Each structure stands twice: as C-alpha cells, then as structure tokens.
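One structure is given below, encoded as structure tokens.
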Amino acid sequence: MFGGTFRMPWHGYLLLSLIVAAFAVWMHSDLVRVEQEKKAALVQQAPAPVALADFQKQRDIHLADEVNVLGWINPVFNTHLVKGDGGRGGERLMFVLFDGADGETAGIARAAILIPSALEQNFRGWVARSNPAQEVWQTRIAQGYERDVYQFNGRAVASPDLGQLAIAAMDGAGLTPAPDFIFIDPYLEGREVALAADPAMTMQLTAVVGAVSMVLLFAAISNFDRSRAVHRANVVPEVAPEDLDDFGAPQVRVATEARVPMLPELEDAPDASEAAAPAGAANWLRSPLVLILLAFIGIASATGSPPRVILMSLVPAFVVAAVVWAVLRMICNGVRAAKEGRTVTRAGLFGDRKVFAAQETDEIVAKTDDPAAVSDIVPLRQSLQRAPEPAPRPRRRKGPKGLGINAVDVRSAAEKDRAKRPQREPEHA
C-alpha cells in the first residue's frame with residue numbers, strides 16, 4: 001500500500017496536497033469561528049438552566065455549543081466504559097442524566113456525561129460547588145420536584161470518545177435515548193477557563209495539517225522536475241539516414257589523425273537558451289507550486305477567510321516541512337551517491353580490472369601511416385570480431401592394465417575406422 005503511494009506521479013502528490021491544504025483551510029476557518037464564538041459567549045452571562053424534559057437542541061444550544069440543563073443522576077446506571085484489553089482503547093465513566101419529574105424506574109435517558117475515571121473526584125466537587133444547597137432547595141420547591149435537581153453547565157458534544165460504547169451500554173441497561181439526547185462535556189475548571197481564547201491551539205493544529213500538505217507539495221515538485229529530466233534524457237537525437245548501418249544502428253567514422261564524433265555538429269544552430277525560454281516559462285506556469293498557490297487563494301476566497309491570516313498560520317507548517325524535506329533530500333542524496341560510487345570489478349590474468357559499459361556515443365580513433373586510408377564508414381556491429389575458438393583436445397584412452405596411466409590416442413581417423421571393422425579369416429585351399 002505505502003509502496004504504491006510513494007511511487008505515485010507528481011499529479012497524485014499534487015492532488016493529495018490540494019486535498020490536505022483544503023482541509024487545513026477549512027479546519028483553520030472552523031477553529032477561528034469557534035474562538036470568536038467563545039469570546040462572544042464569555043462576554044455574556046451563562047444561559048438560563050433548562051429542564052431536560054423541555055430541552056431542544058435547536059433552541060437550547062448556544063454560542064460555542066454551550067448548554068445549561070437541570071437534572072439529576074441515577075447512580076444505578078453509573079458505568080465504567082472500557083475499550084480494548086486493559087483500557088488500551090480508552091476508558092470513561094458514564095453518568096446518565098434524567099429530568100426532575102422522572103422516577104427511579106424511568107427508561108428514557110435525557111443526557112449523559114462522559115469523563116475519564118481519574119477526574120471522578122473533580123466532577124463530584126464541581127457539582128457541589130456549582131449547586132449550593134440553598135439554590136438546590138429553592139429550585140426543588142419552585143419546580144415541584146420530589147428530589148433534588150442540579151445544574152450541569154458545559155459544552156454539547158456530538159461524537160465524544162466512546163460515545164458508541166456508551167449508547168450500547170445504555171441499551172444493555174434498558175435505557176432509550178430521548179429524541180434530543182445529548183452528551184455534555186462539563187466545565188470542570190469553570191466557565192471562564194473553558195471559554196478562554198486559545199489561539200496557540202488553532203495555530204498548532206493548522207500547522208500540523210499544513211506541514212503534511214507542504215511535504216506532499218515538495219514531493220510533487222520533486223517528481224515534476226524528475227519527470228522533466230527523464231523526458232529530456234529519453235529524447236532521441238535525429239540521425240541522418242546515411243549515418244545508419246544496415247541494422248539501423250549509428251555508425252562510427254574511423255579517421256587517420258582526427259577524432260570524428262558519431263553525430264554531426266550543428267554549426268548554425270540557434271541559441272538553446274533563447275529557444276527554451278518560452279518553454280521554460282510555460283512549464284513553470286504549469287508547475288505544482290503555481291497550481292497549489294492558485295488553489296490556496298481560491299479556497300481562502302470561497303470560505304471567506306482572509307488569505308493573510310491563513311498564510312500566517314501556515315508559516316510554522318512551512319518551516320517544519322522545509323526542515324523535514326531538507327533532511328530527506330540529504331539522506332536520498334547520500335544513498336544515491338553511495339550507489340553511484342560502486343564499481344563492478346572482475347578478476348583476470350592481469351589482476352582486477354574496472355568494467356565500464358560502452359556508450360553509443362563513444363568514438364573510435366585509428367592511427368595509421370598509410371595516407372591512402374582517409375576515412376571510411378564502418379558499421380559498429382560489423383567491426384566487432386569474435387575470438388577464435390580453441391582447438392579440441394585429443395581424447396585419451398586407457399593404457400595397459402596396472403600402469404595407472406592414460407595413453408594418448410594419436411591414430412588417424414582412417415586407422416580408427418579400420419580397427420573397428422571386423423577382420424576376415426584367411427581362406428584355406
């Protein structure tokens with residue numbers, strides 16, 4: 001999976017970078033909105049408490065998702081939720097909230113609070129501090145409840161940690177969530193602390209996601225430059241038909257005192273820099289850097305966020321990505337240099353020799369004292385000669401018994417043939 005991902009072309013890296021950059025812009029905009037809502041909510045007073053039986057999500061969830069409800073906790077349904085072996089997947093304490101008019105046998109859960117088990121004492125102390133005994137008594141008399149009810153001020157959470165496990169636990173206990181059931185994250189440290197501005201968190205989260213986008217962008221640019229280099233290397237120069245041999249391969253001139261290149265030189269060729277200037281500009285206009293910058297500005301404009309604010313939030317991401325990319329480039333260059341520095345050697349009669357692959361652009365130079373040998377076109381493949389095969393060694397036949405030696409059979413083929421023929425017995429008169 002990861003091997004295929006890292007072998008993607010530059011288009012794939014660019015697409016992933018754009019997706020991650022769009023997510024970073026959206027996340028930054030959402031975090032900025034939350035910070036603005038928290039600031040506005042902190043200026044106002046806490047919302048009036050609402051009985052859980054009358055709670056409505058559309059009406060009673062305020063700025064920064066703040067809620068303030070009246071209810072009570074049935075200790076029968078207090079549950080310790082554990083996910084995975086030994087709690088490696090997380091653990092929470094669940095407290096199920098009911099309305100003041102609900103009895104002990106009520107089967108409708110109005111809300112639930114999930115907290116880490118280590119914060120149980122903090123939660124109990126927070127409930128006691130937030131609900132003085134006199135206020136609890138006054139609320140009970142005013143509402144006509146048969147039991148004490150308490151205020152629970154916090155943030156409404158749509159999908160808390162272990163939320164699905166909590167729903168399953170309530171279902172196993174015979175409880176049915178109400179239509180406007182919510183999970184509440186209580187303000188254990190106080191409303192002022194919970195609603196305090198935290199711009200550093202916004203910058204850090206955006207920087208992390210932006211760093212991933214920058215790394216993918218650098219990968220796209222690197223693959224884009226590499227693909228251009230491979231394309232230039234694969235361009236085959238045109239060769240005149242008279243410079244090809246019978247097999248279609250380039251020919252090599254054999255000169256007396258001059259070194260003749262395989263390809264003719266272009267004397268009146270136009271300046272390559274002038275010809276490549278428009279093409280280079282067009283390639284840079286199509287480069288991943290320009291494309292992602294245009295997409296970045298477009299996304300920022302579509303979301304209504306100032307590009308200046310988003311760019312400032314991505315500066316740490318750019319620095320982190322640049323450092324990571326520099327380290328990766330150094331490692332890759334070191335590995336590539338180590339591979340290119342290896343030489344292939346083979347042992348021969350004269351010791352170790354370095355073996356280099358011959359290139360098609362190699363030149364053949366032959367010096368001779370004969371002025372008649374001007375220049376001739378010799379096909380490269382026909383100039384190669386095969387080494388003569390060694391003569392076969394004579395076969396040996398076994399010598400006389402007991403000598404332990406082999407005798408060389410030096411007889412001719414005719415003598416061997418006559419020896420194989422059966423000899424006729426002489427006829428007697």
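Per the UniProt record's numbering, numbering through the sequence shown is continuous, rising by one, with the last residue being 429.
In this text, a Cβ means the ideal position worked out from N, Cα and C, and glycines have one as well.
None of the values given here were measured: they were computed from a predicted structure.
Option in the options with minimal Cα separation from residue i
| i | options | result |
| --- | --- | --- |
| R88 | L162, Q134 and R226 | L162 |
| H62 | L81, A40 and W72 | A40 |
| I73 | V32, V34, K38 and R147 | R147 |
| A200 | I19, V32 and G174 | V32 |
| S117 | V82, L93 and T105 | L93 |
| A158 | A338, F95, D180 and D225 | D180 |
| D120 | Q138, E91 and Q164 | Looking at the sequence provided, one finds Glu at residue 120 rather than Asp. Minimum Cα distance to E120 is reached at E91. |
| T105 | L175, G12 and L15 | L175 |
| E37 | K83, E66, P160 and V76 | E66 |
| A51 | Y145, K339 and A337 | Y145 |
| H11 | A128, P75 and D225 | D225 |
| F23 | L205, R329, R336 and A338 | L205 |
Exposure of residue i, with buried meaning 16 or more beta-carbon neighbours within 10 Å
| i | result |
| --- | --- |
| residue 435 | Shown here, the chain extends from 1 to 429; a query on residue 435 therefore has no answer. |
| S227 | exposed |
| E135 | exposed |
| I184 | buried |
| T79 | buried |
| N333 | exposed |
| I115 | buried |
| V69 | buried |
| I19 | exposed |
| L43 | The amino acid occupying residue 43 in the given sequence is Val; Leu does not appear at that position. So V43 counts as exposed. |
| A21 | buried |
| V327 | exposed |
| residue 463 | The requested residue 463 is not part of the displayed model; the chain covers only 1 to 429. |
| residue 437 | One cannot answer for residue 437 here, as it falls past the ends of the chain, which runs 1 to 429. |
| M203 | buried |
| D60 | buried |
Own chain residues within Cβ distance below 6 Å of residue i, not counting five before or after
| i | result |
| --- | --- |
| I182 | A111 and A156 |
| L188 | N122 and W126 |
| R140 | D148 |
| L403 | Low per-residue confidence applies at L403: pLDDT is 46, beneath 50, and the placement is therefore not dependable, though the value from the model is reported in the following sentence. Same-chain partners within the cutoff: there are none. |
| P160 | L114 and F183 |
Beta-carbon proximity list for residue i, same chain, < 7 Å, skipping 5 on both sides
| i | result |
| --- | --- |
| S17 | S213, L216, L217, A220 and I292 |
| R191 | A46 and N153 |
| P49 | N68, V69, L70 and Q151 |
| A178 | I108, A109 and R110 |
| V82 | E91 |
| F77 | V96, A173 and L175 |
| A338 | none |
| R418 | none |
| A133 | none |
| V335 | none |
Neighbourhood of residue i by C-beta distance below 8 Å, restricted to the same chain and skipping five residues each side
| i | result |
| --- | --- |
| P9 | N223 and S227 |
| V34 | A64 |
| G84 | G90 |
| A128 | none |
C-beta neighbour in chain C for residue i, strict 8 Å
| i | result |
| --- | --- |
| F123 | Chain labels in this structure do not include chain C; a single protein chain is all it has. |
Meets three-Cβ-pair contact criterion under 8 Å: the segment 18-27 and the segment 206-214: yes
Uninterrupted beta strand (DSSP E) stretches inside the segment 24-105 (no shorter than 3 residues): Segments of the beta strand (DSSP E) lying fully in the segment 24-105: 66-73, 79-82 and 91-98.
Cβ contact (3+ pairs, closer than 8 Å) linking the segment 110-129 and the segment 50-59: The segment 110-129 makes contact with the segment 50-59: 3 or more CB pairs, one atom from each, lie closer than 8 Å.
The segment 99-107 touching the segment 152-172, judged by at least three CB pairs closer than 8 Å: no
Validate contact between the segment 190-204 and the segment 213-220 using beta carbons, cut 8 Å, 3 pairs: no
Residue ranges of each alpha helix (DSSP H) within the segment 166-210, 4 or longer: 191-194
Within the segment 98-149, ranges of the alpha helix (DSSP H) (whole runs, at least 4 residues): 120-130 and 133-143
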